[in-house]
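Visitor:
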Amino acid sequence: MRATRLLFFSFVFMVVAASEGEAVGVNWGRLATHRLPPKKVVRMLVDNGFDKVKLFDADPDALAALAGTDVEVMVGIPNYMLEQLSKGHSRAADWVDENVTSWMYTDGVRIKYVAVGNEPLLHTYAGKYARATVRALKSIQKALTDAGKSHVKAVVPLNAGIYDSPGPHPVPSAGDFRPDTRDLVLEIADLLAESGAPFVVNIHPFLSAHADAHFPLDFALFAGAKNPIKDGESIYTNVLDASLDTLIWSLRKAGHAGMPVVVGETGWPTDGDKNANKKLAKAFNQGLLRHAVSGAGTPARRNSSLEVFLFSLFDEDAKSVDPGSFERHWGIFAYDGRAKYELDLSGRGEEKELASAKGVDYLQSRWCILDPEAEDLTDLPASIDYACTYSDCTALGYGSSCNHLDLHGNASYAFNMYYQVKNQESGGCIFSDLGVITEEDPSDGECRFPVMIAYTSGEGTRREMLDLAVPVVGGLWTLLFLLMRVM
Ligand SMILES: *[C@@H]1O[C@H](CO)[C@@H](O)[C@H](O)[C@H]1NC(C)=O
Ligand SMILES: *[C@@H]1O[C@H](CO)[C@@H](O)[C@H](O)[C@H]1NC(C)=O
Ligand SMILES: *[C@@H]1O[C@H](CO)[C@@H](O)[C@H](O)[C@H]1NC(C)=O
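So this is what it looks like as structure tokens:
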């Protein structure tokens, strides 16, 4: 079975291997009600020249689709599995056997990293995964070595909230790991050093801007900063470098001066917040890519390349919106694999189209809207509420792409989102007889009324949803930028 698949893919990829991008990776999350088939996704990765991909689990369909390509893979262990994997080496050995070794046959999957948990030390988890993370890291790396796969490195993607810089004028060189998780992080760093693994950190300048209305956007967007931070000889004009160097200084102080650092996630959403739109997302990602491939490095590590995984590949309509409505709009591609904006992944700054997914099947071109003839609207609020509970209405909120709609438009948007999530089943457009099906696209400017793709997601979504990546940036940067404004 696998051999046949492999043959098929070798062929497909010989044909489409005309990629030309550089060392840029992307996060492939799958918390969506409807997902493109993995083969189409991988073809899209290759078409765009992504040479690295980061997964949040070890989904066999995703791995099968990646087999035979040159794409380097970071497979993931979800947080809920850490506890069991920390209980002795045989459980970890089973995981490595099924999810690493069995894929690394000749021309199989190029697995380079295993991500042990996803931001497991986040404040929100209140230490729940802390001990298990360290133990699972240890047992997974041992299992990899025992399996003759010591060149595959176990890493732990952590969020930038684990370090900060104290004092009234925080600067990267004063950075250190925060006291509450310091001991754990040092244990993790020691284990990484032992195996030669990099420190993986998720940095989200967007969240700094989201948390603080006065945050200088130019500082987030690689646009040069009116008020750069001076740190001795070093000048910081963007928050990514400032954050990375705070980490690098923290590592130096912990005796890990040379430890390589990989940015596991960074990106910019396009909807669900006043700063979330295509223009800013393009500016951020293009600035980031230009910077990453320039080879300039950061002030604390000049002339080094930045290894970066963009966040994220697709919009995911089943993600938790606890952090904000923008959570479902991080994709550089929409839910259906259509590119949202131009982006030159080579970082050379050309106006270049991304390659959208090819051969995507959609449901019929029809929409569910509020019946224009409806007179008794008593049940409308309850119907909207119901529709939005079971589908994604985040585009309706303040600062979002559909916020300008009137009451009729709001109701129609909500009805349609539910109808599409329900695969256009006739029962999905009733709403106390307020719903009616139309074949005329109700989209209104930037506010798109989607037609769903004709693929369902299969099982697994619920479990993963409990275990979401909720990136949070520590208070430091907010403080830092408040200070910068008065400097
Ligand atoms: C391999 O990974 C998958 C997907 O994350 C998981 O469901 C499965 O339990 C893992 N296998 C083992 C033996 O742990
Ligand atoms: C970085 O590269 C430039 C140009 O090659 C060189 O002049 C400079 O000394 C290098 N800096 C460091 C810190 O290596
Ligand atoms: C439409 O819905 C959004 C989000 O619930 C709300 O902010 C807005 O006020 C609504 N508009 C009207 C006209 O009801």
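Heads up: the sequence shown is residues -18 to -1, 1 to 469, going by mature numbering (1 follows the signal peptide of the UniProt record, and there is no 0). All C-beta atoms, glycine included, are put in the ideal place defined by N, C-alpha and C.
Closer than 8 Å: is that where the CB of L387 sits relative to any heavy atom of ligand 3?
Guide: Within the cutoff, so yes.
Visitor: Considering only the alpha carbon of each residue, which of S302, D128 and A14 lies closest to S439?
Guide: Looking at the Cα atoms, A14 is the closest of the given residues.
Visitor: Can you name the residues that DSSP bridges to I351?
Guide: DSSP output for I351 lists V418 as bridge partner(s).
Visitor: In chain order, what residues of the same chain lie with their CB nearer than 6 Å to the CB of C411, ignoring the 5 residues before and after it?
Guide: Cβ within range, chain order: C350, Y401, G417 and I419.
Visitor: Could you tell me whether any non-hydrogen atom of ligand 3 is closer than 8 Å to the CB of S398?
Guide: The residue you asked about is not Ser; residue 398 is Asn in the sequence shown. No, the beta carbon of N398 sits no closer than 8 Å to any heavy atom of ligand 3.
Visitor: Return helix, strand or coil for T280, following the three-state DSSP convention.
Guide: It is a strand residue.
Visitor: Taking F38 as the reference, which of S276, N81, N30 and A97 has the closest Cα?
Guide: Cα-wise, what sits closest to F38 is A97.
Visitor: To the nearest angstrom, how far is the alpha carbon of F308 from that of C384?
Guide: Going by the C-alpha atoms only, they are around 13 Å apart.
Visitor: Kindly indicate which residue of P19, D162 and D146 has the alpha-carbon position closest to the one of S155.
Guide: When each option's Cα is compared against that of S155, the closest is D146.
Visitor: Taking 8 Å as the line, does the beta carbon of N392 fall inside it for any heavy atom of ligand 3?
Guide: Yes, the beta carbon of N392 sits closer than 8 Å to at least one heavy atom of ligand 3.
Visitor: Rounded to the nearest angstrom, what separates A118 and R92 at their Cα positions?
Guide: So the alpha carbons of these two residues sit roughly 22 Å apart.
Visitor: I need the boundaries of the alpha helix (DSSP H) containing K322, first residue and last residue.
Guide: No alpha helix (DSSP H) contains K322, which DSSP labels as neither H nor E.
Visitor: Nearer than 8 Å: is that true of the beta carbon of K128 relative to any heavy atom of ligand 1?
Guide: It should be pointed out that residue 128 corresponds to Asp in this sequence rather than to Lys. D128 Cβ: outside cutoff for every heavy atom of ligand 1.
Visitor: Quick check on the contact list: which residues have their beta carbon closer than 5 Å to a heavy atom of ligand 1?
Guide: Those residues, listed in chain order, are D39, A40, D76, W77, E80 and N81.
Visitor: Give me the DSSP bridge partner(s) of K340.
Guide: Bridge partners of K340: none, in fact.
Visitor: Which partner residues does V244 have in the DSSP bridge list?
Guide: Note: V244 sits in a beta bridge opposite V182 and E289.
Visitor: Would you check whether ligand 3 has a heavy atom nearer than 8 Å to the C-beta of Y380?
Guide: Answer for Y380: yes, Cβ within range of ligand 3.
Visitor: Report yes or no: do three or more beta-carbon pairs, one from the stretch 109 to 129 and one from the stretch 70 to 78, lie closer than 8 Å?
Guide: Contact holds: three or more Cβ-Cβ distances are below 8 Å.
Visitor: Whose C-beta lies closer than 6 Å to the C-beta of P102 among residues of the same chain, with five residues either side of it excluded?
Guide: Only N61, Y111 and T115 meet the Cβ criterion.
Visitor: Does the stretch 293 to 302 come close enough to the stretch 352 to 372 that 3 or more CB-CB pairs lie under 8 Å?
Guide: Contact between the stretch 352 to 372 and the stretch 293 to 302 is absent, because fewer than three Cβ pairs lie under 8 Å.
Visitor: Report all residues from its chain with a CB closer than 8 Å to the CB of I122; omit the five preceding and five following residues, and keep chain order.
Guide: These residues qualify, in order along the chain: I59, L67, A74, W77, V78, V96, V98 and A136.
Visitor: Please tell me whether, using a cut-off of 8 Å, the distance from the CB of C375 to the nearest non-hydrogen atom of ligand 3 is below it.
Guide: Within the cutoff, so yes.
Visitor: Where does M447 fall in DSSP's three states?
Guide: With a pLDDT of only 41 at M447, under the threshold of 50, the placement of this residue in the model should not be trusted; the figure read from the coordinates follows. M447 falls in the helix class under three-state DSSP.
Visitor: Classify R320 as buried or exposed, calling it buried when 16 or more other Cβ atoms lie within 10 Å of its own Cβ.
Guide: By the neighbour-count rule (16 or more Cβ atoms within 10 Å), R320 is not buried but exposed.
Visitor: If we count Cβ pairs, one from each stretch, closer than 8 Å, do we get three or more for the stretch 365 to 385 versus the stretch 427 to 436?
Guide: Verdict: yes, contact present.
Visitor: Out of T219, E176, R330 and K212, which one is the CA nearest neighbour of A205?
Guide: Of the listed residues, the one whose Cα sits closest to A205 is T219.
Visitor: Within the continuous alpha helix (DSSP H) that includes L64, where are the two ends?
Guide: From DSSP, the alpha helix (DSSP H) with L64 extends over L64 to L67.
Visitor: Would you report the Cα separation of L199 and V6, rounded to the nearest angstrom?
Guide: Distance between the alpha carbons of L199 and V6 is about 24 Å.
Visitor: With 16 as the cutoff for other CB atoms within 10 Å, does R284 come out buried or exposed?
Guide: The residue is exposed, with fewer than 16 neighbouring Cβ atoms inside 10 Å.
Visitor: Quick check on Y317: does DSSP put it in helix, strand or coil?
Guide: Looking at Y317 - three-state DSSP - the assignment turns out to be coil, as it is neither helix nor strand.
Visitor: Taking only the alpha-carbon atoms, compute the straight-line gap between G266 and D172 and give it to the nearest angstrom.
Guide: One detail in the question is off: residue 266 reads as Phe in this sequence, not Gly. Cα to Cα, the separation comes out at about 33 Å.
Visitor: Give the C-beta separation of L262 and L203 to the nearest angstrom, bearing in mind that I take them to be a contact with Cβ-Cβ under 8 Å.
Guide: Yes, they are in contact, since the Cβ atoms of L262 and L203 sit about 7 Å apart, within 8 Å.
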